[in-house]
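Participant: In the working numbering, the protein residues as written are 216 to 436. This is the structure, below, for whatever I ask next.
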Ligand code: PMT
C-alpha cells in the first residue's frame, strides 16, 4: 500500500489550462491536458490527504476520492483557489494559467471582415503570487514551464512568489511538459535542496513531488 504521508492534510491542486474568452464561440488557451495535476491529486489522495482539485477544462475524469471543482478562466480559478486557501495546508499549482486575456469580450460573434484583426490583451491575475502574499503557514508549490534558463527562472519564481518549492520542466525536452504521459522535472526547494529527476511517468513524478514536499516539511519544522 501507499504510505499515509499526508494523513490529516488538506491539499489543493490546480490542473489543466484556462480558457480566456474572446467572444461567445472563441477563446485563447494552451496545450495543458491536466495529466500532471490530476496525477498529483490522485497520488495525494492515495497518500491519505483530503484533496480538492481545481481544474480548467480537460478530457480527464474526476479522480476517485477527490473533490473536483471545474473552472474555465484564470479569474474563476483565482476565485476557486482563494476562497479555499484558509482551509488548505498545501497548494500545488500544476495548472497552466493564461498570463493574458482579451481586454474586451464581445457579446456576439465577431464577424469576419477584409484585412487583419488585432486583439488587445491584458494581464490576468497571478494566482500564485496572490497566495504568496496571503499565506499564513501554507506550503506553496508552483510549477515552472520553461523553454530556456530553467534554473534561473525557477529560482526567480521561488523568490518573487514566495514559494516553498518549484517544480520546473523544460517543455521543449522530448518526453517532458505538456500533454504526454511522461515528464522530466527538477525540484527546487526554498531550503536550497535541488533534485533533478529523470524521465518518468506523470504518475511516478507526482509521487516523487509529494515525497519531496513531505521531506521539506519534515526538514523545516
Ligand atoms: O497538463 P499537462 O498536459 O500534464 O502538462 C503539465 C504542465 C506542463 C502544464 C505542468 O507540468 C506545468 O508546468 N504547469 C505550469 C505551467 C505554467 O503555467 O507555468 P508558468 O511558468 O507560466 O507559471 C508558473 C506558476 O505560476 C505555475 O504554477 C502556474 O500555475 C502559476 N500561475 C501562472 C500564471 C498565473 N496567472 N497564475 C498562476 O498562478
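Quick reminder that beta carbons are idealized off the backbone N, C-alpha and C, glycines included.
1. How many Å lie between residue 355 and residue 238 at the Cα?
2. Let me check you understand the geometry: is the CB of residue 341 closer than 6 Å to at least one non-hydrogen atom of the ligand PMT?
3. If you follow the alpha helix (DSSP H) that residue 297 is part of, which residue opens it and which one closes it?
4. For residue 275, which three-state DSSP category applies?
5. What number of angstroms, rounded off, separates the C-alpha of residue 392 from the C-alpha of residue 251?
6. For residue 223 and residue 320, what's the separation of their Cα atoms in angstroms?
7. For the beta strand (DSSP E) that contains residue 316, what are its first and last residues?
8. Taking the runs of the beta strand (DSSP E) that are 3 residues or longer, which of them lie wholly in the region 330–390?
9. Within 10 angstroms of its Cβ, does residue 235 collect 16 or more other Cβ (buried), or is it exposed?
10. Taking the alpha carbon of residue 275 as the reference point, which residue from 394, 419, 431 has its own alpha carbon closest?
11. Give the range of the beta strand (DSSP E) segment to which residue 235 is assigned.
12. Is it the case that the Cβ atoms of residue 281 and residue 310 are separated by a distance below 7 Å?
13. Within the chosen definition, does the region 324–339 reach the region 351–370 through at least 3 CB pairs nearer than 8 Å?
14. In chain order, what residues of the same chain have a beta carbon less than 6 Å from the beta carbon of residue 401, not counting five sequence neighbours either side?
15. Within 6 Å: the Cβ of residue 318 and any heavy atom of the ligand PMT?
16. Give every residue of the same chain whose Cβ lies closer than 6 Å to the Cβ of residue 284, excluding the five residues on either side of it in the sequence, and list them in chain order.
17. Helix, strand or coil for residue 311 per DSSP?
Facilitator: Taking the coordinates as given:
1. 34 Å
2. yes
3. 289–297
4. coil
5. 9 Å
6. One C-alpha to the other measures close to 43 Å.
7. Counting along the chain, the beta strand (DSSP E) containing residue 316 begins and ends at 315–317.
8. For the beta strand (DSSP E) assignment, the uninterrupted runs of no fewer than 3 residues enclosed by the region 330–390 are, from N- to C-terminal side, 336–338, 354–361, 380–385.
9. By the neighbour-count rule (16 or more Cβ atoms within 10 Å), residue 235 is buried.
10. 394
11. 235–238
12. no
13. For the pair of segments examined, the region 324–339 was found not to touch the region 351–370: the number of CB pairs separated by less than 8 Å stays below three.
14. For residue 401, where only same-chain residues beyond five positions count, the Cβ hits under 6 Å are 383, 411.
15. Answer for residue 318: no, Cβ out of range of the ligand PMT.
16. The answer, listed in chain order, is 269, 295.
17. strand
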